[in-house]
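Throughout the sequence shown, residue numbering follows mature numbering (1 follows the signal peptide of the UniProt record, and there is no 0), covering -25 to -1, 1 to 1024 in sequence.
Since the structure comes first, as structure tokens, the remarks are kept for the end.
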Amino acid sequence: MAQRLRRLAMALGFFLHSSVVSVAGQPQYRVESADMLPSSSLVTFPFLPAALLQGETLSNLSLRAHAPLSMALNVSTHVDANATFRMTPSVVNCSSVTTQTFALRVDASSNTTGNYTLTFYDVATASVLYTTYMLVVPPPFVASVTAPSWTGNAIWNDSFDAQPWGAVPNASTSIWANISQGFVSDTCTPGGKALYFTHLFARYAATSPIDVLGFDLQLAFTYVYGFLPNQTYDSVGNNTLSCVQTNPNSPFNVEYRAANDTAWHVITVVPVPPTPTPARQTVRLSLPPTASSNASSFRWIQANQTSGRLGSIRGTRYQWQYRNLFDQWAIDDVVLRGRVQAPLATTPAQVGVDAISVQLQANATDSVILTTIGDGSHAFPVCDFTALPLSTTTVVLTTTSIIHAVTCVRPNQQSYGYRSPRYVVQALPPILVSTKATDAMGYYTVQATMPRPNMTLRFTFGNGSDVPSCTFGHAIVLTANATTTSMVLKSNGVLQAVACMRGLVGSTVVRPPAFVVQPPPPTLAWVHATSISESALFPVTMTTTSTDASLVVVVVDANDTTTRPSCPLTVAHATNATSVTLRPGQLVRAVSCCVTTVCNDSATSVLGPVVASAAPPTFTSQCSTTAMVTSVVTLTPGTTTGVIKYAVNSEAVDCTSRGTLYNGPFPVAKPAGGAAVVVTAITCVPGLLPSTALVVTVPVANCCANAIWFPSADPTLDCSSMTLFRDDFVNCNLSQWTPATTQFGGATINGGVHASNVQCAFDATLNRSVLVLSAHGDAYTGTSPEGVTVAANGSVVPRLATALFSGWALPGSPPFFPCNPRVEPCASKRVGASVSTTAQWNAGIASFLVQPCTAFGTSSDAWLRNVSDIVVDVDASYVAYADLWRASLGQERSPPPFPHAVFSHLRTDTAYHRVFLQFNATEGRANLYRDGQLVGKTRRLPVTTNPSALTLNLWFPNAWAGLPQFESCTTNVADVQVVQLEAAANRWCEFEQATVACSSDAECLGWTSMHCLMPLAVAVCRDRQCRFQMDATFGAAAIKAGNLFLTTV
């Protein structure tokens, strides 16, 4: 499953102790902490120091807006309103570009400290975006050595007042290392002594080297040039002590020489005043920085003078007597003032992480650097020369700070205050350690360790687009010297955090790998699990273990390795529980999806494919309705959707290649030799294990459908028990028969039937004995047997010799008298035969071979009645009606008017025909079959539960049977059998009421094989409907008229 973060646009929303970042209707990012405060701003604001210096400009300040806005500045004053703030541009437009830069400058009209509130607000809504308090501090007082305000302490000075007149100061007693042509005198300075220069040669005074390294220096002195208009000589003519007016071209220079210099450097040339004056002139010289060294000397030197010798008297004390000295000058009140230079930070302004080490340097020898640290509004240090500490040359700053520093040099030198640049210290980032819970929810606990106590953790949690700063993001403020805090992440998201503290720039952003939260996978359960399935349907329930979760489910084939459930970006309707039904070979994959929070799909829960076996098939058998010792086996898959593989008398069956695929009920017959029929069957369902085998012995011995005829009386024949009656007429034993002598059909119609006409004879055609029924027609010349009549008392009496057949006639025709008793005997004419079985049955299937009499005038028929009942039936139903017969149709006769007789026209041939008579007296119906085909039906038998015999007749009906113009005729009957009706398996062939759709003739034939004991003459498919018909030769008139095209005569 691909890991992913849902990309959602974000706005901010907050709850107490927790944060939910979302868009309405969308999943949310969720973080919880008891100490969490909401973000106070919609902008990431740049770091602003707590104090600004007058005239300071903060440039390239970066502003990032987390919503479209335009920002402006409002300033309110708390103390001293002399400062003005200017933001450039005045409105920072973040409507389309979220990140912009601006500058902030402060100016002031006086050197005072002011306190201000700076409020940055959204122009459109006036909502406050960021507020800060700001001090504006003036610069420290610093005066250049050239400035009138500069002050310094005297390093050395000499007013020469302490020196005796005429003394030449030297290094041992003064600052002077070398004086040439000068001595202490008041010659030009009547008000006091000065260093007076006269005599020939170079006139100068040079100080001893002094260590003034790292000092700003100012050299001050007074001077007088000669101002008298004339020379003055003493009493001996010496003008050494003269103060005659100095030539303008003879000024003196003030020079310095620093350590390691080989030459003197002119500081200034002191000009001769244009108007001589005895007033002392004061000079203050700001010395160049190069004059400051650890061995600096200063000198005053008059490079040119106009003095010269007038004579030369050597070796006497009056050697200057003749000299002519000019251009005298004097200096007094010589003072070297200095202020030790302030220290300098040699570390450039920069951003330090956690701390920054700043190096300070002072040039003065044996100097001590004192420092104070603050925001710029703090005091400068003061040198306490009574207890100077060690010099501070390295300052470690742990917050954003400005260093105030001074240089101290004993005994009394203190520099002006030095203000360093602002050194920015950035906080170290927090250390985030996440621990994933081992419970089902799998939330993350993130512990944040801050680099310092009492810091503020700022963070965002979402899709990563919002970066926290010390002005944006949720906040957790640590107090009581705490350095750790924690939060719980309950959704996917990117956590970004910074450490913040007053005086520090926010740390770099810590962004651990995106957090991936998955709800617990759903619980899948197979309901009513069983190792054997009857339905091949496996209900599976799925539930989420989290209330904030919904299910996504897919059901796939087991070989589908690509289709997997995937959570949508939004869950419209939460589903905490559902169910599916698996089929064999299927599996369900399900994931839990967060509903209200952003999270990854859960791990996929999988159930399936279900390992179960198909249920074994169930077995039923039903004796075949069409075959003997045959059972129709019906197998039902034990599992609804399964198929069955089976084998008969074999165990070779499986769900692949062995066995036969069950397509419906199939017959199994008793094998040769009488072995048992064993069916082995299994249920096969793709995706399920094969069922256990069903092994069943199929009962076939008692399946006797179609056991309607047996070739012999052998009791070992299959279904021989079905036999109710059998007579093969072996040895012409007629003990199972009762011949009848009686009359029916009308005393004036025929001479009845006589037992003598029932005989047994050998038939060479069949090579067996047969039952012979004889009938004597009108051409019979014999005298016996004589016909009979039934007396009024019911007794049977011989027919009178003079009795005529006066009732025999065609409708509308006069009687026909076949015999004249005056000429010939008539009592033996028209005498037939009737014989009944001694056994009686209510239902069964009777069969026999019959060779009927082919002569007109007789009827060969079979009755399912006792003879006494036949007599009644014929007499009650008889009407004197006869249809014309048509020899062209094979001497076809119309059916007799007897509702209780099963009658079939027999074609006039001499062959034996197998006749089957299917009867059920209880239901009053019977079917007649001839030569394996249904040829007649009746549903008008007398309904009775009483048994009756099978009665065979050959007799003379009325004219409807034709004129019996023959001598004798026989109906031969052989192989009479009666079996139980169950052998017909209830096949009555009720085709008249059947509506059978079809697409081929075969379907119609199939219908008859299932519903008819024997076939119909016609079973064809016409217009997608089966059409059935008995042989038209034997059909009723209406059927014949409609189906002559089907006749197979």
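Ideal Cβ placement from N, Cα and C applies to all residues, glycine included.
Grouping DSSP H, G and I as helix and E and B as strand, with all else coil, what is residue i?
i	result
G981	helix
F891	strand
I845	helix
M1005	coil
S975	coil
residue 1042	There is simply no residue 1042 to check, as the chain begins at -25 and stops at 1024 in what is shown.
E230	strand
N128	strand
F700	strand
G613	coil
T885	coil
N145	coil
A474	strand
F966	helix
N706	helix
residue 1026	Since the displayed the chain opens at -25 and closes at 1024, residue 1026 lies outside it and no answer follows.
L779	coil
T265	helix
L956	helix
By how many angstroms is the C-alpha of residue j removed from the C-alpha of residue i?
i	j	result
S217	P386	42 Å
L104	L44	10 Å
Q256	L27	46 Å
P917	E761	32 Å
V657	S599	The sequence as given places Ile at residue 657; Val does not occur at that position. Using only the alpha carbons, I get a separation of about 23 Å.
L17	T322	37 Å
V111	V50	12 Å
T716	T926	13 Å
T164	F355	45 Å
S71	D97	15 Å
P13	F447	9 Å
R394	S261	24 Å
A450	A578	33 Å
V315	V408	54 Å
I378	P396	8 Å
D1006	V910	6 Å
P937	G639	The question names Pro, but residue 937 is Gly in the sequence shown. So the two alpha carbons sit approximately 54 Å from each other.
D209	Q280	21 Å
F719	V643	50 Å
T375	V326	9 Å
S567	S510	29 Å
P235	F360	Before going further, note that residue 235 is Asn rather than Pro in the sequence given. Answer to the nearest angstrom: the Cα atoms are 31 Å apart.
I619	L636	6 Å
V842	L892	18 Å
Alpha carbons only, please: which of the options is nearest the one belonging to residue i?
i	options	result
V530	V502, G583, C569 and S577	G583
V660	V585, G392, F704 and D703	V585
W304	P404, V452, K168 and G349	K168
L470	N456, V491, D97 and S183	V491
A730	L699, P773, F704 and S85	P773
S461	S366, A423, N575 and S759	A423
G417	T520, A266 and G349	T520
F95	Q75, S85 and V67	V67
S84	L188, Q29, F894 and A137	Q29
G649	V675, G662 and V628	V675
Shorter than 9 Å from the beta carbon of residue i to some beta carbon of chain B?
i	result
P495	Among the protein chains of the structure shown there is no chain B, as only one such chain exists.
Could you tell me how far apart the beta carbons of residue i and residue j are, in whole angstroms, since I believe they sit closer than 8 Å?
i	j	result
V384	N132	At roughly 18 Å, the Cβ-Cβ gap does not stay under 8 Å, so V384 and N132 are not in contact.
D302	G201	6 Å
D191	V120	4 Å
residue 1029	G437	Look at the range of the chain in this structure, -25 to 1024, and you will see that residue 1029 is not part of it.
Residue ranges of each beta strand (DSSP E) within the stretch 897 to 945, 3 or longer
900 to 905, 908 to 913 and 926 to 930
Start-end ranges of the beta strand (DSSP E) lying completely within the stretch 269 to 355, minimum 3 residues
272 to 277, 304 to 315, 326 to 328, 331 to 336 and 343 to 349
Every unbroken beta strand (DSSP E) inside the stretch 172 to 199 [3 residues or more]:
178 to 182
Which ranges does the beta strand (DSSP E) cover as unbroken runs of at least 3 residues, wholly within the stretch 29 to 85, from first to last along the chain?
32 to 40, 45 to 54, 58 to 63 and 74 to 83
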